[in-house]
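So the sequence lines, in the order shown, correspond to chains U and S. Letter by letter, the first sequence follows residues 1 to 1138 of this note's numbering. Letter by letter, the second sequence follows residues 1 to 579 of this note's numbering. Where is the CB? At the ideal position from N, CA and C, for every residue including glycine. None of these values were measured; they are calculated from a predicted model. I have placed the structure first, in the form of structure tokens, so that the comments after it can refer back to it.
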Amino acid sequence: MKLQKVILTTLLGLVCQWAAAQGIRISGTLSDNDGPIMMGNVVEVDANNRIVSATQTDFNGNFSMQVKSTKNKLKFSYVGDRDKVITIGSQTTFKVRLEPATQLKEVKVIGRRSNAGGLMLQKKEIATSQQTMNMTEVEGLAFTSADEALQGQIAGLDIVSNSGNLGAGSQMRLRGVTTLSANANPLIVVDDKIFDNPDEDFDYANADEEQYSSLLSVNVEDIASITVLKDAAATAVWGSKGANGVIQIVTKRGSRGKPRINFSYKFTGTWQPEGYKLLNGDDYTMLMKEEFYNPTQQADRTTSMAELNYDKEGYADWENWNNNTDWVDAVTKFGAMHDFSVNLTGGGQKATFRISAGYKHQGGTIIGQKFQQFTTRMALDYNVSDRIRFITNFALTYTNNDKNYEGTINGVSHSSLLGIAQNQAPNMAIYRQDGDGNDTDEYFLMNPTAPNRNTTPYDGFYSSYDLSGIRSLGNPVAIGNLAWVKDQTYRLTPDFTIKYEILGTEAEKSRLTFNGRVDFDIFAESKPTYYPAALANSSWTGSEYNLTTNYEFNRMKIGGRAELVFTPYFKNRDWSATMLLRYEMSTQNSNNQTVIMNHLPNGITSPTVDALPGTPSSGNGRSNSQNVLYNGHVSYLDGRYSLGFSLRADGDSKFGPKEKWAYFPGLSARWNVIDEPFMKWSKSVLSMFGLRASWGIVGKAPDKDYLFYNTYNESAGSYGKGSSNLATYATLDGLKLDDLRWEKTTSYNLGFNLGFLNDRFEIDFDYYHKDTRDLLMSSVNIPSFVGYSSVSYSNVGRMTNDGWELNFNAKKFVKWGKFSMDFGINIAQNSNLLKEMDESVLQAINGTTWDPSKRQTYPVRVQLNNSLGSIYGFRYQGVYQYTYDYLENYQKENNLTTAQYEAWINSFLASGKTAPVAVGEDGNVIMENTGKPKHLKYAYGTGYEYDFQGGDAMFEDVNHDGQINALDVVYLGNSLPKVNGGFNISLNYGRWFVKGRFNYRFGNKVVNTARMALENMYGTSNQSATVNYRWRKDGDVTPMPRAMYATGYNYINSDRYVEDGGFVRFQNLQVGYRFDPKMLKKWGLNNLQAYASMNNLYVWTRYSGVDPEVSQKGYNPAIDSSKTPRSKQFTFTLNFGF
Amino acid sequence: MMMVSCLDTIILPDDKTVDEDFWQNKQQVASMVTAAYAAMASNDVMGKLIVWGDFRTDELLGPSDNVDVSTTTQALNEISAVNMQTTNQYAQWSSLYAVINRCNIVLERAEAVMNVDPNYTIGDYQVDRSQMLALRALCYFYLVRNFRDVPYITVAYMNSSQDMQVAQSAPAYVLGQCIADLEEAAQTALDARGYSTSEWQRVGWMTNDAIHTLLADIYLWRASVTHSLADYQQCVAYCDKVIASKKTQHVRGRNEVTEKEYPLADAADMYEELFVEQNAEESIFELQSRSNTAVVQYYYKYKSFTGNSGEGWLNATPIFGNVASVYNLTTSMSNSTLYAQGDLRYYASCYIPSTSEATYGVRKMLSLSPIVSATTTKREDLGNGGLDHNFNIYRLTDVMLMKAEALVQQVDTLSESSVQEELLHNAFSLIQAVNSRALVQSSQGDSLKWNGSTAATRFRTLSKDQFEELVMQERLREFCFEGRRWYDLMRYNYRHVEGVDYNRTLAEIADGGTAMVANYPNMLTLMTRQRGTEASGVIAKMANEAFLYMPIPNSDIVVCPVLRQNPVYKDSKEYEKTY
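Put into structure tokens, the structure is as follows:
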């Protein structure tokens, strides 16, 4: 039914025209300067240039044909001659002579019109804030998806890659974040068609897994240009979907001319940047012995931990525990990528086409990772007549991404291979070693953990009880090679458009164009996983014994559009106007299911085998939406004054009756001051001076369906005893959100465009203010006595974003003989402020601010008039050099009185030495009435009370109350960058060129929990080599605390791990050569280019981690938890065409 | 365009039913009634009933060293150290309020179904209403006993725009409402006799017996707090109703060799009926379970069946470690010897290791086969099969011992000694009935004796206070690990202190400047008797009435500022600062 409606809508405007058949026969001859023409074309066309009938001349140049109507025209044509058109009238014989076509020089067309919300406008009339990147600028660079190409190119678009895993995608933020929990990535539009993430239920704020990156579905080779719409007036035409900005991608299309084939091949080599230097096996066992000894002071604490003892005589597995394994090296590798693409373009007067295909094969920098992509795209334009035109696109993308077994699978969470490799004990062997220490071909896996401390590896096939932590990590090489996730996706996106000119087709008439379009978006994902018994951590009855899961997801989306574009013709040529009215609807449905099977027979990996099934899950989603858009533009005096206005009405099935329809207005104006008569004087220098202003409202809907209903799950389960006679029950899913409103962002934008010396230098500047009200937040807590502890969405507050962007481009600003130089830079600054928030929501987020038991977690705090992503914690001041007892013993040895003792301590402290005593505001020690200095405590009065000792981390006691607790937590910085952007330089010399692209972020802080985990000396994981400088005895001066197994508070949330995340990245360096066309002609080619480039060449940063590029989610701080860093790459590219 | 502007932008889920299509027939009401029971039988609720009812007493010890550190073990350690944070996971009432809301939804919406579905009769409706009122009262009774001051919610929450700022009510008010609701529910209650003994529904639903038992329990509780003779009499009256009803339901000879006065199974069948087959004839109300991970995790393996943890989070204390030769008067409360030799409950309640250890495993509710002889054996390995054990809320012996407790408390030391003796004798015969049927050979005569042959066994010489202890002790023997002991101790405490203001909330009492009522030292000694050196510290910390209760969940206070924290717990606000 739905489909029929769509098709009806689209074709409704099509009025078929019937020509009355009054057949008469005509004949004649055709010739030119060279004599009679053989195979010349004779075509009968009607008033709209539609072909009615056609024939060809014979070898004497004669022709005859039946024509339909004498009112029609005959069109004569032959290659190399000019066309001739003659009205038939009463004539029945024709003697026609064609004139040779004059050779024209190559013509460059400058009149640039671009698409602005469906209207074609001159660049100088565009009043909204938008920026376009032409993909020729990055030709020859290797990108997996378009976001990598955009990074650092667009002012105000902050792109941070999610991880270095293949196909991981990136987080994009345009002009800050305006939402707390919903998807904050900009909308992707490909050829005017929304290209959203197929999986709508993806939890953006909390997901630890990487989502499917929608941009993977578009081959970078097929992209002609990318336009980023920034302000609300520009995005308002996309209504509720455009709230985060819009990235419009235009793909390449065919052009008239003889068919051309282009090939391109890229080879890319990738490798991991160097990470932390870790302890080797010997340093590790030394650390462990110290770490276990320190808290207990028992000399025999580690004697039974055979794994640490290098016990050749007593321990059978000795050879497997006496190594210096570099686990990180073992899981990383050199990755090679081959990228082939081919395209065929061409066309004639009636039709143009472009067909392309691409294949990419990418090996990861981590073992077990592999990415393959196959894309094909076909674009066909067919002109039936001057009035009717068909446009069609057909694109298919297949990706096959072999991932590591990580993330949460079947309820069990798995770390990344690199994370495991960093933590795994370096004295352990990768492969089981025989008695002589030679590797066998079996992976070494630890024995089961002993049930308690009294049972030891010497008692049987156990691992030490205290080493259960490293046992549960597993052998990363084994996991990488034996366990897998194979993520496959198919995406098919065909569309069909018909354009019909209802009124005039000439320039001097008002034009009214009808556009009808039907589009489809079909997406399928299949994600099987396998975890073999060989890796299973628990017994054979455990749930991970030969476990396989399979996730299947399908989505079908159909859209239809009917559009009328009206461009009136004004007698007064000073005025111009264009406007459109568009109705659009779409319907989509999706479903998914997961199948889980355990205890498969060895060697079988298919979940279809009948084994022990896990709990399967499934889901489905459906939604319909429709919208009406009016968009208009008026300009006066050839764009000296321009005014744009739009109104969009959105109706969405996600909303209940009260909020079903929402209206999004946009208004923009531009004044090109340069065109004013009084600016004439400046023409020699200034080529553009325009002022812009815009205003608009965009909205955002929650991601989930059916929130406006009370829904009952009628098959929630059954209750009772036994297997029969059970009572089934139904449950109410949750509260009906009857007071939920749209999140609305009102914003204005002020900007100017400057161009100097015929636009050789261009400057765009924009200032904006965005005010988001009724901020949507997911999972908002409510009092649990109402029967539910949270509602899935609520409108909770108001947030503003203020900022400015500057974009500067200089083309060939240095020219010196054959040498020329281009330069471009963009800078953006955004400040985000939370203006209002429900008190109870603030309380719920901040209420459990600080938990003394949680060492490694930073409290999440949201505070009014602060920006999101703030970091709070203690101030780290180093390590206590001396123990408390050292002071006490000194008093005893020297028989000091209390007064002398106090004076001595003060001088001791004044000399820069430190001990865990409470210090008052005056910097002097606080003495207790027992005559002892007050011992500094951690979390006094809670269950986690602890007396600080020498070698412990020293935190600032901000309020001087003699204890470290929540009252000493201070603001440590913010995760959002103050400034971000990029710049590029290109140098040209004759046919050679060198291009460099850079991007940068400054003023943001990153919590380096990766380093925290590598320096905590709290568990049994391997540590960074820096811990060799740890505190060991009284008097040691070091920033590295002592090792304490499962005790102490040395690595709690402090600024020790909060680092400056600012960086400048040398993203690409490219060297290319354009071959001489004359030479190419000789070779039969029309295009040949060769490039060499380096990606991620160097990062200038003070950040101590591997990669300072860390994204921040929701209101959480940016946390670097050792995700796979972005790899370094080099690429060779060869393009040729004929 | 006109054709499609009426495009359907209302989509209803196809795997769910929306409210507009629900509440249309009898089956839907029944499924919502069942949902309330299902919520009550959730593992979350059962876990809390274990921790609230048993873990805080002398029955259980917290996680041992070998249990790895998790939020659960930390929360349990906080409780045993009387150092509870307001964020403790056991200071959460959401799972019980989830039951209450389900009851409220049925109470609000079921009536209208009678207009839509003629099959749904007034009788059906009244029975549903009765069950929901009773289940709701049961939840509130648990809440009052564990939090004291709780918001009393009787409206169904279905929309996000409803008022969610509800203050707490004083316990006297909440219990008064519960009694009123239960008395109404008793009028139209489901009759247990409508089901045969083989049907789980007989003890799965809140029947008239369950409602009467709950009433007796609430009256007994309120009597203990307010020292009200009338409430004790009410308790006895309701107990008598249940006992009479159970007697009429009894199938003679089914589970007894010798006929007894009360319809209780013989010792040989007792454990099997109650904890292996379950839904025993003598049972009154049980939370039905087909996969009881709560019991497994707390008593058997905290990592459930998939993990390899050696034991549960909780273990039995050494009071279950010894056995006396016979029951006699010297078996006083401070003595750690709880059971006598012939008492089958000793062998059925805990796992006795051959070597002497400080802790013992729980066996009750974990056995798949009957325990019929007085021999100590190792706890069987439950394998990988999961456990389907019900959680027992009420059974006949509970009613008998409640009655005994109420009878003892009716003894007025100023009245005639014959009146006193009759009350005590009546109470004694109930205790004896419970005790003797659990003996492997009841005829052997090692049960409790009214007129024993020696002074040590002559129970008629016991004082009222000693009788009070005897009831508690018998209840401990009978109901250990079943989530009851803490309330026994609280009643004991309340009976021996004066000045409890049950008409005001703790926060109001603190505002008024009145000191909290100090706890009864004997109760504290009893409660901590197996804590060794820690005991004095715990006793010192449990200074007053407010410490008997859990903190009000902090997560709710932050979103509902009208809630008041129990004044003895530090509000997290005290740590808060403006940064």
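- Shown in chain order are the members of the segment 549-573 of chain S whose Cβ falls below 9 Å from a Cβ of chain U: Pro-553, Asn-554, Ser-555, Asp-556, Ile-557, Val-558, Val-559, Cys-560, Pro-561, Leu-563, Lys-570, Ser-572, Lys-573.
- DSSP links Ala-828(U) through a beta bridge to Glu-805(U), Asn-980(U).
- By the rule that beta-carbons nearer than 9 Å mark a contact, Pro-1117(U) does not touch chain S.
- Judged by DSSP in its simplified three-state form, Asn-343(U) adopts strand.
- Under DSSP, Trp-1100(U) shares a beta bridge with Val-1064(U).
- Nearest CB-CB separation between Ser-447(S) and chain U: not below the 9 Å threshold.
- Look at the segment 201-218 of chain S: the residues with a C-beta under 8 Å from a C-beta of chain U are Gln-201, Gly-204.
- According to the DSSP secondary-structure assignment, Gln-593(U) is paired through a beta bridge with Glu-552(U), Ser-618(U).
- If you check each beta-carbon in the segment 85-96 of chain S against every beta-carbon of chain U, the ones closer than 8 Å belong to Gln-85, Thr-87, Gln-92, Trp-93, Ser-94.
- Per DSSP, the unbroken beta strand (DSSP E) holding Arg-1001(U) starts and ends at 992-1002.
- In the three-state scheme derived from DSSP, where H, G and I count as helix and E and B as strand, Met-305(U) is classed as coil.
- Looking at the DSSP output, Leu-834(U) shares a beta bridge with Met-799(U).
- Apart from the 5 residues on each side of it in sequence, Ser-325(S) sits with its Cβ closer than 6 Å to the Cβ of Gln-341 in its chain, given in chain order.
- Straight across, the Cα-Cα distance linking Ser-911(U) with Glu-290(U) is about 29 Å.
- Of the residues assessed, Tyr-989(U) falls on the exposed side of the cut-off, its CB having fewer than 16 other CB atoms within 10 angstroms.
- Within the DSSP bridge table, the entry for Asn-62(U) names Thr-29(U) as partners.
- Annotation: Cβ neighbours of Tyr-157(S) in chain U (cutoff 8 Å, chain order): Leu-735, Val-786, Gly-787, Tyr-788.
- Chain U places no beta carbon closer than 9 Å to that of Asn-146(S), leaving this residue out of the contacts.
- Using a Cβ-Cβ cut-off of 9 Å, Lys-247(S) does not count as an interface residue toward chain U, since no Cβ of chain U sits closer than that to its own.
- In the DSSP assignment, Pro-665(U) falls within the beta strand (DSSP E) that extends over 661-672.
- One Cα belongs to Met-542(S), the other to Thr-505(S), and the distance between them is close to 19 Å.
- In this structure, DSSP gives Tyr-636(U) an extended state, which the three-state scheme calls strand.
- At a beta-carbon threshold of 7 Å, the residues of chain S lying near Gly-720(U) are Trp-200, Gly-204, Gln-288, ordered along the chain.
- Of the residues Trp-200(S), Ala-455(S), Tyr-487(S), Thr-71(S), the one whose Cα lies closest to the Cα of Asn-725(U) is Trp-200(S).
- The continuous alpha helix (DSSP H) containing Val-399(S) extends over residues 396-410.
- With a contact defined as Cβ atoms closer than 8 Å, Lys-403(U) and Asp-487(U) qualify at about 6 Å.
- Here the alpha carbons of Ala-507(S) and Asn-519(S) stand approximately 18 Å from one another.
- Per DSSP, the beta-bridge partners of Trp-575(U) are Tyr-636(U).
- In this structure, DSSP gives Trp-450(S) a state outside helix and strand, which the three-state scheme calls coil.
- In this structure, DSSP gives Ala-1090(U) an extended state, which the three-state scheme calls strand.
- Here Asn-846(U) carries a helix assignment [DSSP, helix/strand/coil].
- Looking at the DSSP output, Cys-350(S) sits in a beta bridge with Val-362(S).
- The three-state secondary structure of Ala-185(S), taken from DSSP, is helix.
- Per DSSP, the continuous beta strand (DSSP E) segment holding Gly-878(U) begins and ends at 876-879.
- Going by DSSP, Ser-418(S) is part of the alpha helix (DSSP H) stretching over 417-437.
- A contact between stretches requires three or more CB pairs, one per stretch, nearer than 8 Å, and the segment 812-825 of chain U fails this requirement with the segment 782-789 of chain U.
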